[in-house]
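Visitor:
2 protein chains.
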Amino acid sequence: MQAYPKSPLMGQMMDQPLLISSIIEFAARHYGASEIVSRRVEGDMHRYNWRACLARAKRLANALNALGVCMGDRVATLAWNGYRHLEAYYAVSGSGAVLHTINPRLHPEQIAYIVNHAEDQYLLFDLTFLPLVEAIAPLCKGVRGWVLMADADRLPAETRIPNLLSYEALLAAQPEQFDWPLFDENSAATLCYTSGTTGNPKGALYSHRSTVLHAYGSAMPNALDVGSRDTVLPVVPMFHVNAWGLPYSVPLSGAKLVFPGCALDGKSVYDLFEAEGVTFSAGVPTVWLGLINYAKMNNLKFSTFRRTVIGGSACPPAMMDTLMDDFGVDVVHAWGMTEMSPLGTACGLLARHEKLPREEQRKILRKQGHAIYGVDMRIVDDDGQELPWDGTSFGHLQVRGPWIISSYFKEEGGSVLDRGWFPTGDVATIDEDGFMQITDRSKDVIKSGGEWIGTIDLENIAVAHPAVMQAACIGIRHPKWDERPLLIVVKKTSAEVSRDELLSFFEGKIAKWWMPDDVVFVEALPVGGTGKIQKNKLREQFKDYELPTVTRSN
Amino acid sequence: MQAYPKSPLMGQMMDQPLLISSIIEFAARHYGASEIVSRRVEGDMHRYNWRACLARAKRLANALNALGVCMGDRVATLAWNGYRHLEAYYAVSGSGAVLHTINPRLHPEQIAYIVNHAEDQYLLFDLTFLPLVEAIAPLCKGVRGWVLMADADRLPAETRIPNLLSYEALLAAQPEQFDWPLFDENSAATLCYTSGTTGNPKGALYSHRSTVLHAYGSAMPNALDVGSRDTVLPVVPMFHVNAWGLPYSVPLSGAKLVFPGCALDGKSVYDLFEAEGVTFSAGVPTVWLGLINYAKMNNLKFSTFRRTVIGGSACPPAMMDTLMDDFGVDVVHAWGMTEMSPLGTACGLLARHEKLPREEQRKILRKQGHAIYGVDMRIVDDDGQELPWDGTSFGHLQVRGPWIISSYFKEEGGSVLDRGWFPTGDVATIDEDGFMQITDRSKDVIKSGGEWIGTIDLENIAVAHPAVMQAACIGIRHPKWDERPLLIVVKKTSAEVSRDELLSFFEGKIAKWWMPDDVVFVEALPVGGTGKIQKNKLREQFKDYELPTVTRSN
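Protein chains in written order, with the numbering used here: chain A, 1 to 554; chain B, 555 to 1108.
This is the structure:
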C-alpha cells in the first residue's frame, strides 16, 4: 500500500486493525443468543446461535492449523448457504488464511482451472458436490486434502478423491479454545472469481479492511438496513461475492440468520420464510420468480417478509410491482459487482418523493439508486471526459473506494484502473439527485449513427408484452448506421405474437430511432453460470444476420 | 501506530485513506440538494444545501491556508449548532488542521486554560460569544487571530481583541476551488476536552480514521439509524463531543440537517421541529424537559418527530414514558463518553421482546443497551477479574475499539489503559442478552459492608416521587459498614414530603440494605458545565455529616 503523508500531530486513538474475526467475536459476545437456522443438504434442519457458531469456527481454525494451513494459504469451498459454510467464512479468514468460494454452477473444467489458479490447499464441500469433486480431484494435483462438510459416516466407502476428510471428524478432534491472530488489516481475506463472459475467470482478492468497511457500509439504513430485530434469509449464494456481504453484515447487526441450503424452489423458500419469520431477504431476480409463482398459485401471503434487496441484474418492473403491490414487500433495487465486494448503490425514495403518485415513485425505484458512502462514482464518454448528472446523458460508469479492487489476483488482465477509477463495464445515467440508472453493458450498447441505444430499456419493454417470456437485444452490423438493434425473443408457452405486433408494442414508448430493425423468435436463450443471458454467444450466433433494413436503407 | 504483521498474501483493494473530507464530498456529490437549515444567532433563518456547504467549506479551507494554518495546527471554535460551525468542521479537519471545539459553558479561566493547552492558532466564534472572547483574549497570547463568525459589519468599532477578523469577509476573498489533501488516516482531526470533575480538563484527540469509523457505526440501524429520508435536529451541541458525530453521520446518510442555534427553549425548538419536519433528534435529558413542558402546556403534538436518542446521562424513566406514551416518540437510550467519540451503546428491543407487556419492554429500554459493532466491552471487579454477564453482577465497565482513545492529548493523566482496555469510570451490569446498564459512576458507588450500592437506582426512585424535583445520593463514612447512603433532595416548588414519607416510598422497590440511612433537603444541587450534578462537591459539603444510624448500629 501507498504511504500517505502523516500529520505532525497524529490522533491518539486505539490502534486496532479491522479484522473479520472481530465480527463473529462481536456477535457471539453481544448477541450470542441470536439464532442461525439452516436447511441442511442432508435434508433436516439445524439450529444454533452465534455463540455456538463461534465455538465451532474456533474448532475449525484449530483443525486448519493442524492440517498445516498457513497465513495467506487459500482454502476453497464448494457449498450452499448453510452454517458450516458460515463457520468456514470465519475460521479460514479469521486465522489468516484466504477463503476462496467457488461457484459450483460453473463447468467442472472451469472449476478445476480456478482451483489450480488459486493454488487452493484444501477444498471444503457439501455432500451434494461429491460427484463434482470426484470429477475434478484428478485435475487438481495441488490440493492437499478434500473436506466433506458432513459427519464421518457420510464418507463414501470407495472414492478416487485423495485425502478425503470429514469436516465433523476434524472439528470433533479440536478444542474450542482459539485466539484469533492480530495482523495487518490489508491482508487478504477472501478470493472470489468473476464469471467473465470472455477469457478465463479473474479473481477479486478482498482484504480484511475492505470486508469490514463493506459490512459497515452495507448494513446502513440507505443500503441493506439490517438491524438486530431482523431475520435475514440470504437467497443470494455464499459462493457468489460472499452473498453480498450478508455473512458479515448480519452478525455485526445481531440479527437472526436463516440459510436455505440447496432447496431454492418456491415451496421450500416460502415454507422457510413462514416458519422462521423472515423479515428481509436478498437475491437476483430469477430466484424470486419461483417464490412469487408458488405464492400466487396457492393464494398465499407473507406474514413477516417486509423488504427485499434485488440486484445482480436489473429487477424487471413487473416483478417489482408484484412484490410491492400484491405482497406488500418493499423492493430495494441494488447494484454492484464482484470487483466491488459487491455493493455499490441501493435505491430508496427521498423525503420529497413521498407525495409523488405511485407510478412516479415506481419510476424512481426502478433505478439502481444512490452510491453507498464509501463508493464514489462518475460517468465518462469514450474519451474519458466526465459527463453531467442530468438523468439523460449516459456514459461508462466508473467507481472508486476502499472496497473496490485495484487489480485482479496475480495481476490477470494487467492494469485495470483508468486514472484511479475502476471501469465497471456498465453504461449508466445519473440524475441531479444522484440516482444512478444502468442503461446497458458497455459491450452490449448499440452504437447507431454515432448515438448510443441502450438494450436494457428495449428488453424491459419486450418482456412487458403478455406473450413474451424472455428477450435479448443485440447490435447487428449495418452498412449505413454501423449497428442497428435486433430483438431476439422467447415466447411464453402457448402464447402467440407476430413480429409486427411486437414492434408496434414499442411505439410511443421509445424514441423512433431506437425501434428494433427486426425480431427473431427462438426456443431458448443461452444462459451463463450466474443466470445471465450470454449476449456474446447471441452476437456470435447472429453475426451474419441480415437486417431487412439493410437493403431498404441503401 | 503499531505495525501488525502482514500476510504473505495482501488484498488487492484500492488504497484510500478514511478522511473526513470524503464525507462532505460524498454528501455534496450524491445528495447535493438535501437541505441544511439553521436558526442563526443573528436571529433569522438560513437555508442552503450540501452542495453549497461544500463550496463554502472550501472557501474557508483556502482562507485558513492564507492565514498560514498548517497541517496539525489547532483551530478552535466557540459556537452553537449552525451552518458556519459545520463548515469549520470540514474546512479545518479536511485541510489537515485540527478542529478544537470548546464548551462555552465552562468558566472563562478554564476556557483560557484549554485554549493555551491546545496551543490554538485561531479561534472562530459566534456573535453571542463576543463578550466572552473580549474576556479571554488577553489570557491567550498564543492565538494569532480571532474570527467572528458573522458579516464584517458585525465587527465591533472598538475592541481589545487583537487581530479580530470577519468570517464572511475571509470567505468572500477566497475561491470555491480547493482540492482536499490526501494524508495518513491516523492523522489528528478533532480535539475535544473532557469536563473532568477533578483536575484540569484533558483532551481527546480523534483521528480521521476514528471519526469515519464512528460515523459508519453510529449511522447503523442498531445505533442512531439515520437514513436519507430523515430530517435530523441535533440538540446536543457541536461543542460537546462533536454532537455525537451527527455532523458526520448525517451527511454520509444524505439526510436533511436542522440547527437550532442558541435558541434551545421549548417554544423555539418545538417551532423548528414543526416548521422543518424534523423526524429525529438527539440530546441530553435536560434539554427535553423544556420541550416536553412547552408541548404539554400548550396541548401540542409532534407531526413528524418519530425518534430521539437520549444520552449524556441516564434518561429518567418518567421522561421516557412521557415521550413514548404521550407523544409517540421512540426513545433510544444511548451511552458513551468523550473518550469514545462518543457512542458506545444504544438500546433497542430484540425480536423476541416484541410480545412482552409494555412495562417489561420499558424496563429493557431503560438500560443503556448493546455495544455498537466497533466497541467491545467488559465488566471487571476491583482486582481486574472479568465478571459474568448475568444482569446482576456489577463491576467497572471497560471498553476498547478503534474510536476509543489510547491516551489523552499531551499524555495528560499518563497511561490510561488497563491492559488494553479503557476504564470508563462507570459501574455497570450486562445481562445474558448483552444489554448493558449503568448502575453508577465508579467514584460514586457506595461500598457498604463489602457490597456495592448503585446510587442511580436510588436517585431514579426518589425523583419518581411527586414532590421531588432533583435527588442525589452519596456515600457517607460509617464506622461499621464503611459507607452508607445519604439521599440529598430538592423538593418541587410548593410541594411537601417528609424524610420518613420519602424513605417509605423506597420500600419494596429495593433490597432492604440499599435503604438510604438519612434524607437531607436542600435548596439546590451543585451543577457542572455540562449540566451534571457535581457529586464531588456534595461529598465535600457533607464530609462531616453524621448519619443517625451510626449511634444506633454501634
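Built from N, CA and C at the ideal position, the CB exists for glycine as well.
Count the other C-beta atoms from every protein chain shown that fall within 10 angstroms of the C-beta of R763/B, then say buried if there are 16 or more, exposed otherwise.
Guide: One-based indexing of the second sequence puts residue 763/B at position 209. Its Cβ being crowded by 16 or more others within 10 Å, R763/B is buried.
Visitor: Can you pull the chain C residues whose beta carbon is under 7 Å from the beta carbon of Y760/B, in chain order?
Guide: Within the model displayed, chain C is absent; protein chains A and B are what it includes.
Visitor: Please go through the segment 170 to 233 of chain A and give each complete beta strand (DSSP E) segment of 3 or more residues, from N-terminal end onward.
Guide: Taking only runs of at least 3 residues, the beta strand (DSSP E) segments lying wholly in the segment 170 to 233 of chain A are 188 to 193, 203 to 207.
Visitor: Please report whether the beta-carbon of I36/A lies at a distance below 7 Å from any beta-carbon of chain B.
Guide: Position 36 of the first sequence, counting from 1, holds the residue named residue 36/A. No, I36/A does not count as interfacial toward chain B.
Visitor: Just to confirm, are V463/A and W452/A a CB contact at a threshold of 7 Å?
Guide: Walking along the first sequence from the start, residue 463/A turns up at place 463. Walking along the first sequence from the start, residue 452/A turns up at place 452. Result no, Cβ atoms of V463/A and W452/A do not sit closer than 7 Å.
Visitor: Check this for me: beta carbons of Q915/B and R932/B, under 7 Å apart or not?
Guide: Looking up residue 915/B in the second sequence gives position 361. Looking up residue 932/B in the second sequence gives position 378. For Q915/B and R932/B, no; Cβs fall outside 7 Å.
Visitor: Checking contacts by CB at 7 Å: is N740/B closer than that to chain A?
Guide: Start at 1 with the first residue of the second sequence, and residue 740/B comes out as number 186. Yes, because at least one Cβ of chain A sits closer than 7 Å to the Cβ of N740/B.
Visitor: Which residue from P466/A, W513/A, M149/A, I510/A puts its Cα closest to that of S494/A?
Guide: Stepping through the first sequence from its first residue, residue 494/A is reached at position 494. That would be P466/A, whose Cα lies nearest to the Cα of S494/A.
Visitor: Please state whether DSSP places C624/B in a helix, a strand or coil.
Guide: One-based indexing of the second sequence puts residue 624/B at position 70. Note: C624/B maps to coil in three-state DSSP.
Visitor: For the beta strand (DSSP E) that V934/B lies in, which residues bound it at each end?
Guide: The count along the second sequence starts at 1 and reaches residue 934/B at position 380. Unbroken beta strand (DSSP E) run through V934/B: 930 to 934.
Visitor: With a 10 Å radius around its C-beta and 16 neighbouring C-beta atoms as the bar for buried, classify G920/B as buried or exposed.
Guide: Reading the second sequence from its first residue, position 366 is the one you call residue 920/B. Correcting the residue type first, residue 920/B is Arg in the shown sequence and not Gly. When all chains shown are included, R920/B counts as buried.
Visitor: Along chain A, which residues have their Cβ under 7 Å away from the Cβ of D987/B?
Guide: The residue you call residue 987/B lines up with position 433 of the second sequence. A33, listed in chain order.
Visitor: Specify, as a first and last residue, the run of the beta strand (DSSP E) that R861/B falls within.
Guide: Numbered from its first residue, the second sequence carries residue 861/B at position 307. Start and end: 861 to 864.
Visitor: Would you mind listing the beta strand (DSSP E) stretches within the segment 317 to 404 of chain A that are 3+ residues and don't spill past its ends, in chain order?
Guide: Here the runs fully enclosed are 330 to 336, 343 to 346, 376 to 380, 395 to 400.
Visitor: R610/B and E579/B - do their beta-carbons sit closer together than 7 Å?
Guide: Taking the first residue of the second sequence as position 1, residue 579/B is located at position 25. Taking the first residue of the second sequence as position 1, residue 610/B is located at position 56. Going by C-beta atoms, E579/B is not nearer than 7 Å to R610/B.
Visitor: Counting along the chain, where does the beta strand (DSSP E) carrying L1041/B start and finish?
Guide: As a working mapping, residue 1041/B is identified with position 487 in the second sequence. Start and end: 1036 to 1045.
Visitor: Give a yes or no on whether the minimum CB-CB distance between R714/B and chain A is below 7 Å.
Guide: Looking up residue 714/B in the second sequence gives position 160. Not an interface residue.
Visitor: Indicate whether at least one CB of chain A lies closer than 7 Å to the CB of F1096/B.
Guide: Position 542 of the second sequence holds residue 1096/B. It does not: the Cβ of F1096/B has no partner Cβ on chain A nearer than 7 Å.
Visitor: Measure the CB-CB distance between R484/A and S448/A and report whether it falls below 7 Å.
Guide: Your numbering for residue 484/A matches position 484 in the first sequence. Your numbering for residue 448/A matches position 448 in the first sequence. In this structure, S448/A lies closer than 7 Å to R484/A by Cβ.
Visitor: Can you grab the Cα-Cα spacing for the pair G312/A / E276/A, in whole Å?
Guide: For the purposes of this step, residue 312/A is taken as the residue at position 312 of the first sequence. For the purposes of this step, residue 276/A is taken as the residue at position 276 of the first sequence. So the two alpha carbons sit approximately 25 Å from each other.
Visitor: Cβ of G923/B within 7 Å of Cβ of T899/B?
Guide: What you label residue 923/B is simply residue 369 of the second sequence in a count that begins at 1. What you label residue 899/B is simply residue 345 of the second sequence in a count that begins at 1. Their beta carbons are under 7 Å apart, which means G923/B touches T899/B by this criterion.
Visitor: When the Cβ atoms of the segment 263 to 270 of chain A are set against those of the segment 937 to 956 of chain B, are three or more pairs found closer than 8 Å?
Guide: Touching, no, given that fewer than three Cβ pairs across the two stretches are closer than 8 Å.
Visitor: Considering just the uninterrupted stretch of the alpha helix (DSSP H) at S268/A, what are its terminal residues?
Guide: Reading the first sequence from its first residue, position 268 is the one you call residue 268/A. Its alpha helix (DSSP H) spans residues 266 to 276.
Visitor: Identify every run of the alpha helix (DSSP H) within the segment 97 to 140 of chain A, keeping only runs that are complete inside it and at least 4 residues long; order them along the chain.
Guide: The qualifying runs are 108 to 118, 130 to 136.
Visitor: Assuming R154/A and L127/A form a contact by the criterion Cβ under 8 Å, report the distance between their Cβ atoms to the nearest whole angstrom.
Guide: To locate residue 154/A, count along the first sequence from 1; it is residue 154. To locate residue 127/A, count along the first sequence from 1; it is residue 127. Right, their Cβ atoms sit about 6 Å apart.
Visitor: Just to confirm my understanding: we take G142/A, look at its own chain, exclude 5 residues before and 5 after, and list those with CB closer than 8 Å. What are they?
Guide: For the purposes of this step, residue 142/A is taken as the residue at position 142 of the first sequence. Around G142/A: V115, N116, E119, D120, Q121.
Visitor: Looking at the secondary structure, which residues open and close the beta strand (DSSP E) in which L165/A lies?
Guide: In the first sequence, the residue the question calls residue 165/A occupies position 165. Counting along the chain, the beta strand (DSSP E) containing L165/A begins and ends at 164 to 166.
Visitor: From the DSSP output, in three-state form, read off N242/A for me.
Guide: As a first step, residue 242/A is located in the first sequence; it is residue number 242 there, counting from the start. Helix.
Visitor: Go ahead and pull the three-state DSSP assignment for G290/A.
Guide: Indexing the first sequence from 1 puts residue 290/A at position 290. If DSSP states are grouped into helix, strand and coil, G290/A belongs with the helices.
Visitor: Buried or exposed: where does A872/B fall if 16 or more other Cβ atoms within 10 Å of its Cβ makes it buried?
Guide: The count along the second sequence starts at 1 and reaches residue 872/B at position 318. Under this definition A872/B is an exposed residue.
Visitor: Span of the alpha helix (DSSP H) holding I24/A?
Guide: By 1-based counting over the first sequence, the position of residue 24/A is 24. I24/A -> alpha helix (DSSP H) spans 21 to 30.
Visitor: Where S960/B and A295/A are concerned, what is the direct C-alpha to C-alpha distance, given to the nearest angstrom?
Guide: For this step, residue 960/B is matched to residue 406 along the second sequence. For this step, residue 295/A is matched to residue 295 along the first sequence. If you take the alpha carbons of S960/B and A295/A, they lie about 55 Å apart.
Visitor: Determine the chain B residues that contact D321/A at a beta-carbon separation under 8 Å, and present them in chain order.
Guide: Here the question's residue 321/A lines up with position 321 in the first sequence. Near D321/A there are no residues of chain B at all, since even the closest Cβ is about 22 Å away, more than 8 Å.
Visitor: Does the segment 573 to 588 of chain B come within contact of the segment 730 to 737 of chain B, defined as at least 3 CB pairs closer than 8 Å?
Guide: Touching, yes, given that three or more Cβ pairs across the two stretches are closer than 8 Å.
Visitor: Could you work out which residues of chain B lie near Q16/A, taking near to mean beta carbons separated by less than 8 Å?
Guide: Within the first sequence, residue 16/A is the residue found at index 16, counting from 1. Neighbours of Q16/A on chain B, chain order: R954, G955, P956.
Visitor: Output, in chain order, the set of chain A residues within a Cβ distance shorter than 7 Å of V780/B.
Guide: In the second sequence, residue 780/B corresponds to position 226, counting from 1. Chain A residues near V780/B: P221.
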